[in-house]
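In the working numbering, the protein residues as written are 3 to 127.
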């Protein structure tokens, strides 16, 4: 039984469990960065500051950015969510991201979704 394949057009996938299409936001924005972004959103909500921009900065990773848009996305019976757009200045460059931050049952904010804005255009170019 062969271990590999000599077919260069359709090589044999031996792993099957490794996602080759990793989300760029997962690579660029660490869990620490996400917590800082969520805190910036929470601080703005608590201060009653409805209009962005809100800046964020992670001195440990060196990443920083600006939340440039927020929109309440609270679901009926839910604990509250906000859709947002942020820029991020990372080692990989400056990009725009779209995300969703929600409050959990303890009313703590956390980012539950984050992706590169216009990811389709990035992959096509």
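The beta carbon of each residue, even a glycine, is placed where N, CA and C say it ideally should be.
Can you tell me whether residue i is buried or exposed? The criterion is at least 16 other CB atoms within 10 Å of its CB, across all chains shown.
| i | result |
| --- | --- |
| residue 30 | buried |
| residue 118 | buried |
| residue 93 | exposed |
| residue 70 | exposed |
| residue 116 | buried |
| residue 49 | exposed |
Please return the same chain residues whose Cβ sits closer than 7 Å to the Cβ of residue i, not counting the five positions on each side in sequence.
| i | result |
| --- | --- |
| residue 75 | 83, 84, 85, 102 |
| residue 46 | 56 |
Which residue from the options puts its Cα closest to that of residue i?
| i | options | result |
| --- | --- | --- |
| residue 40 | 118, 120, 110 | 110 |
| residue 97 | 115, 73, 106, 67 | 67 |
| residue 104 | 32, 33, 44 | 44 |
| residue 34 | 70, 62, 116 | 62 |
| residue 114 | 100, 48, 58 | 100 |
Cutting at 8 Å between CB atoms, please list the residues of its own chain near residue i, excluding the five before and the five after it.
| i | result |
| --- | --- |
| residue 60 | 32, 34, 35, 38, 66 |
| residue 91 | 65, 66, 67 |
Problem set entry | Unbroken stretches of the beta strand (DSSP E), 3 residues or longer, contained in the segment 70-112 | Complete beta strand (DSSP E) runs here, min 3: 83-92, 95-105.
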